[in-house]
Amino acid sequence: MGFDLLSGYYKTSPPMFVMTSSDDDLYLFIDNRLVMDVGGVHRRADRYLNLDTIGLQHGILYAFDLYFCERRNAGSTFILSNNFLLDCSTRDYCGVCNGFGDCCQNSMCTNGNSNKCLINGKCPSPNRYVVDLQYIAHYCTYDTINYSYLNDRCTTYSCNPGTGGAVPKSVCPDKPCSNKSCSENLGCTYVSTCQPENSCRTAQCDATGECIRNAKNCSLGTDKCKNYYCNETNPNGCTSTPKCSEYVIINNTINQCKYHTCDPKIGECIVNTIVNCSACHGEPGKCELRDYCNAETGKWTFKQKVIDDGNPCTLDSCNNDTGVINNPFSCPGCTECDTSSGNMSCRIENLKCQGLNSSVCTFDICISDGSCEYPNIPCPAPKDKCEFYTCDPYIGCLRQSVDCPLNPDKCKESFCHPLQGCISRDRNCSTGVPCIDGICQAGYGCKNITRVCTPHRPVCQYGTCNNVTGECESTDYDPYPFECRTEAVISIGVIAGVIISGAVFLSIAVYSGKRLVDHLQERQKIKKATNNPIYQPKPGTKDNPLYGDTLK
């Protein structure tokens with residue numbers, strides 16, 4: 001058997017004391033120190049402890065722990081006497097004073113809430129309020145089934161409370177203007193639904209998710225000898241053609257002796273005449289044009305045609321047998337042919353990297369080899385050790401506070417220090433009320449104790465706590481007890497004035513006995529008094545001759 005109580009220590013007269021009498025093992029701890037050791041096999045042993053002798057501080061609450069082991073010997077004695085109040089203002093849900101909830105076993109935690117995702121039930125904390133012990137399972141703590149080991153690049157799993165089974169959920173968020181899909185190898189992939197109607201149009205998804213389409217700008221260059229325009233049959237749309245044709249047509253017939261050139265300064269076509277044109281013979285190939293006539297041979301000399309379809313995104317070549325060949329210029333991955341430069345080159349398009357593995361937490365970067373990279377967007381650096389940043393794929397960088405783990409010591413609390421991070425400190429159980437002390441009891445935590453004040457003269461006074469100052473005050477009993485009155489001493493002269501001195505003594509003795517007991521009981525100085533038969537009416541028809549305030 002054990003008592004786990006609390007008491008306040010005050011210097012009083014007479015001093016606060018504890019007396020025990022036992023014939024079995026008895027150990028008393030005050031302030032978690034062993035102050036009385038009556039252990040081992042022994043006969044009845046009496047012990048007395050004056051609390052003034054064990055180094056306690058005036059006005060402080062101390063833990064009072066007494067352990068008594070009944071060895072079941074032939075005799076059985078246990079007596080505890082003390083002249084101060086012991087606190088039992090806190091009970092566990094088992095009804096045990098400052099108990100530890102020992103009436104609950106973990107096997108009783110059978111998930112009273114019928115949530116099949118809750119397992120490994122554990123009894124609640126002893127200071128948890130439990131309405132009815134038969135429903136203790138409702139107050140137990142449980143572990144939750146964790147299906148995260150099933151997660152993959154496409155799906156996360158949670159627990160179904162009704163069945164306890166795994167519930168899949170897609171990890172790929174919806175994105176505007178996109179159709180999504182997912183595979184084990186690639187993870188979430190997206191195909192844009194915002195596409196242009198043809199190669200002469202552009203399409204872009206705006207922040208609201210609307211697809212905006214516009215005509216493509218085909219201002220490719222500043223060459224005044226070219227016409228720039230968009231051709232829907234061209235995969236890239238934008239193209240250009242020479243402003244001046246190679247041939248001079250007169251009366252719907254190509255004049256073999258004339259040709260065009262273009263003035264690059266003003267973009268004007270100039271007709272040129274070939275000298276000795278009529279005296280020459282010979283036909284140009286499919287990739288050639290007449291240049292001039294060789295008077296010595298009488299044959300045409302030829303020059304290569306300018307092979308340019310006006311599309312900077314094609315590789316233009318010519319075969320004298322088959323003619324002009326235009327092969328599309330292929331740009332890898334996320335790059336595309338740059339029609340704006342007028343030269344055959346690939347332009348990096350970061351937009352083409354959107355929707356693959358991107359989110360608001362990543363940069364979408366296309367590099368020159370056509371591959372996409374997704375470096376994380378840097379979130380702000382934490383200001384101290386009590387904050388950190390995470391990035392939500394939908395919102396972006398979020399400031400988070402460090403959540404320090406629960407301290408297993410119920411009289412310690414974990415908190416975050418800006419320079420040191422998570423550390424422990426003593427739990428502050430202060431109530432802020434002068435006459436209610438907050439203390440921390442090991443294994444239990446904070447509890448409130450109404451301060452009990454012991455007066456300087458306990459027989460003559462009662463103690464109260466001043467709710468303003470928090471100080472203990474002693475007040476005389478009213479009426480003032482007889483034995484506290486110094487003038488009540490019976491002198492020889494008084495006795496001499498009484499004819500039957502023995503009657504005076506007996507009268508005083510009876511009054512001091514029965515009336516004093518009544519008086520102290522009424523004044524609650526005796527918290528629990530056992531009625532003495534000498535002061536009780538005799539059961540039956542006759543009175544107890546010693547019961548009453550006067551002699552018969």
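Going by the UniProt record's numbering, 108 is the number at position 108 of the sequence shown; the sequence numbering is gapless. Glycine residues also receive a C-beta, built at the ideal position from the N, C-alpha and C atoms.
For residue 248, write down the residues that DSSP places opposite it in a beta bridge.
Answer by DSSP bridge pairing, in chain order: 255.
What's the gap between the Cα of residue 35 and the Cα of residue 161?
Approximately 53 Å between the Cα atoms of the pair.
Just to confirm the assignment, what range does the beta strand (DSSP E) spanning residue 444 have?
From DSSP, residue 444 is part of no beta strand (DSSP E); its letter is neither H nor E.
Do the segment 41–51 and the segment 18–25 meet, that is, are 3 or more Cβ pairs less than 8 Å apart?
In short, these stretches touch, since the Cβ pair count reaches three.
Can you list, in chain order, the residues of its chain whose CB lies under 8 Å from that of residue 324, leaving out five sequence neighbours each side?
Once the five neighbours on either side are set aside, the close Cβ partners of residue 324 are 286, 287, 305, 307, 309, 316, 317 and 318.
Is residue 127 buried or exposed, if buried means 16 or more other CB atoms sit within 10 Å of its CB?
When all chains shown are included, residue 127 counts as buried.
Rounded to a whole number of angstroms, what is the C-alpha to C-alpha distance between residue 117 and residue 81?
Approximately 53 Å, taken between the alpha carbons.
Applying the criterion that 16 or more other CB atoms from any shown protein chain within 10 Å of the CB defines a buried residue, is residue 512 buried or exposed?
With a pLDDT of 34 at residue 512, under the threshold of 50, the modelled position of that residue is not reliable, and no figure is offered here.
For the pair the segment 413–431 and the segment 382–389, tell me if three or more CB-CB distances fall below 8 Å.
Yes, since at least three Cβ pairs between the segment 413–431 and the segment 382–389 fall closer than 8 Å, the two stretches touch.
Residue 456: which of 409, 97 and 84 sits nearest, CA to CA?
Among 409, 97 and 84, the Cα nearest to that of residue 456 is on 84.
Taking the beta strand (DSSP E) that residue 187 falls in, what are its first and last residues?
Taken as a continuous stretch (DSSP letters only), the beta strand (DSSP E) holding residue 187 covers 187–192.
If we call anything under 9 Å between Cβ atoms a contact, is residue 88 one with residue 94?
No, the Cβ-Cβ distance between residue 88 and residue 94 is not below 9 Å.
I believe residue 449 touches residue 26 by the beta-carbon criterion, under 8 Å. Please report the beta-carbon distance rounded to the nearest angstrom.
At roughly 25 Å, the Cβ-Cβ gap does not stay under 8 Å, so residue 449 and residue 26 are not in contact.
Along the chain, where does the beta strand (DSSP E) that runs through residue 435 open and close?
Counting along the chain, residue 435 falls outside any beta strand (DSSP E), and DSSP gives it neither H nor E.
Near residue 375, what residues of its chain come up, given a Cβ to Cβ distance below 8 Å and the 5 sequence neighbours on each side ignored?
Closer than 8 Å at the Cβ level, and outside the excluded window around residue 375, lie 362, 363 and 365.
Would you report the Cα separation of residue 260 and residue 283, rounded to the nearest angstrom?
Using only the alpha carbons, I get a separation of about 18 Å.
Kindly confirm or deny that the segment 147–163 and the segment 171–187 touch, where touching means at least three C-beta pairs closer than 8 Å.
Result yes; three or more Cβ-Cβ pairs closer than 8 Å.
Residue 163 to residue 115, Cα distance in whole Å?
Using only the alpha carbons, I get a separation of about 8 Å.
Within 10 Å of its beta-carbon, does residue 351 have 16 or more other beta-carbons around it, so buried, or fewer, so exposed?
Looking at its Cβ environment, which holds fewer than 16 other Cβ atoms inside 10 Å, residue 351 is exposed.
Got a sec, what are the start and stop residues for the beta strand (DSSP E) residue 127 sits in?
No beta strand (DSSP E) holds residue 127; DSSP gives it neither H nor E.
With 16 as the cutoff for other CB atoms within 10 Å, does residue 39 come out buried or exposed?
With fewer than 16 other Cβ atoms within 10 Å, it is exposed.
Just mark residue 206 as buried or exposed, buried being the case when its beta carbon has 16 or more other beta carbons within 10 Å.
Residue 206 comes out exposed.
Taking Cβ positions only, does residue 86 come closer than 9 Å to chain C?
Protein chains in the displayed structure number just one, and chain C is not present.
Rounded to whole angstroms, what is the Cα-Cα separation between residue 99 and residue 479?
Answer to the nearest angstrom: the Cα atoms are 41 Å apart.
What are the partner residues of residue 271, as DSSP defines its beta bridges?
The partner list for residue 271 (beta bridge, DSSP) reads 260.
Find out if the Cβ-Cβ distance for the pair residue 32, residue 63 is shorter than 9 Å.
For residue 32 and residue 63, yes; Cβs fall inside 9 Å.
Per DSSP, what are the beta-bridge partners of residue 84 in this structure?
None; residue 84 has no bridge partner.
If contacts are defined as beta-carbon pairs under 8 Å, then residue 202 and residue 179 qualify, I think. What distance do you get, rounded to the angstrom?
Actually they are not in contact, since the Cβ atoms of residue 202 and residue 179 sit about 20 Å apart, beyond 8 Å.
From the DSSP output, which residues share a beta bridge with residue 19?
48 and 81, per the DSSP bridge assignment.
Measuring CB to CB, does residue 397 end up less than 9 Å from residue 379?
A contact, by the Cβ cut-off of 9 Å.
Can you tell me which of the three DSSP states residue 281 falls into?
Strand.
To the nearest angstrom, report how far apart residue 215 and residue 314 are at their CA atoms.
Straight-line Cα distance between these residues: approximately 22 Å.
Between residue 97 and residue 148, what straight-line distance do the alpha-carbon atoms span, to the nearest angstrom?
Using only the alpha carbons, I get a separation of about 43 Å.
Answer yes if the segment 433–443 comes into contact with the segment 453–471, meaning at least three C-beta pairs across the two stretches below 8 Å, and no otherwise.
Yes: the two stretches touch, three or more of their Cβ pairs being nearer than 8 Å.
How about residue 240 and residue 257: do their beta carbons lie closer than 9 Å?
No, the Cβ-Cβ distance between residue 240 and residue 257 is not below 9 Å.
Terminal residues of the continuous beta strand (DSSP E) containing residue 242?
Start and end: 238–242.
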